[in-house]
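Quick notes on the structure that follows.
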Amino acid sequence: MEAAKQFRKRNAILACLQGTTSHPSAEMVYEMLQKEHPDISLATVYRNLARFKSQGLVTSVATVRGVERFDAMTHSHVHFICTGCDAVLDLPQMEIPLSLNEEAEKTSGCHVQDCRLTFTGLCGRCASK
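The sequence shown lines up with residues 53 to 181 when you count with this note's numbering.
What follows is the structure, given as structure tokens:
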């Protein structure tokens, strides 16, 4: 029975990440799951996020003000981090040009396997304040 409970919580954590575009922290995931899973602990969330990262099911997008933020979209894509409100946004309309990887390989002599591109600044809401 205990294993089934663990599996249920693990699935809930992954589903929470897959069902949001807010790029939550472990604490945010914990808060989102509290109502439906009042017996879940923050340690369980952290442990499972680490497991998902090692399995390639989620990625760590960035550390925003000392807090790690996660994404269930694991393919290379562009992000924007607001320095005003700490929002982490996907920029799906932008593609990372292959020429960037090629230039990095030429410059470094290394083989590029992945590229993550992140812009920082003020989101539209914060910029208009």
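The beta carbon of each residue, even a glycine, is placed where N, CA and C say it ideally should be. Note that the coordinates shown come from a computational prediction; the quantities given were computed from them, not determined experimentally.
Roughly how many angstroms lie between the CA atoms of residue i and residue j, to the nearest whole one?
i, j, result
"residue 113", "residue 123", "6 Å"
"residue 94", "residue 78", "7 Å"
"residue 58", "residue 74", "25 Å"
"residue 183", "residue 162", "Nothing in the structure corresponds to residue 183, since the chain is present only between 53 and 181."
"residue 26", "residue 166", "Any property of residue 26 remains undetermined from this structure, which presents the chain solely from 53 to 181."
"residue 157", "residue 164", "6 Å"
"residue 119", "residue 80", "10 Å"
"residue 96", "residue 159", "42 Å"
"residue 110", "residue 71", "12 Å"
"residue 180", "residue 60", "43 Å"
"residue 185", "residue 115", "What the structure shows of the chain is the stretch from 53 to 181, and residue 185 is not part of that stretch, so it cannot be assessed."
"residue 68", "residue 145", "24 Å"
"residue 62", "residue 129", "25 Å"
"residue 154", "residue 176", "32 Å"
Going by DSSP, name the residue or residues bridged to residue i.
i, result
"residue 172", "133"
"residue 140", "133"
"residue 123", "111"
"residue 116", "119"
Flag this pair as yes or no: are the beta carbons of residue i and residue j separated by less than 8 Å?
i, j, result
"residue 169", "residue 135", "no"
"residue 143", "residue 127", "no"
"residue 104", "residue 150", "no"
"residue 76", "residue 121", "yes"
Give every residue of the same chain whose Cβ lies closer than 7 Å to the Cβ of residue i, excluding the five residues on either side of it in the sequence, and list them in chain order.
i, result
"residue 172", "133 and 135"
Tell me which residues share the same chain as residue i and place their Cβ nearer than 6 Å to its Cβ, disregarding the 5 neighbours each side in the sequence.
i, result
"residue 64", "85 and 89"
Ignore the nearest five residues each way along the sequence and tell me which others in residue i's own chain have a CB closer than 8 Å to its CB.
i, result
"residue 83", "none"
With contact counted as at least three CB pairs below 8 Å, one residue from each stretch, are the segment 136-144 and the segment 92-108 in contact? no
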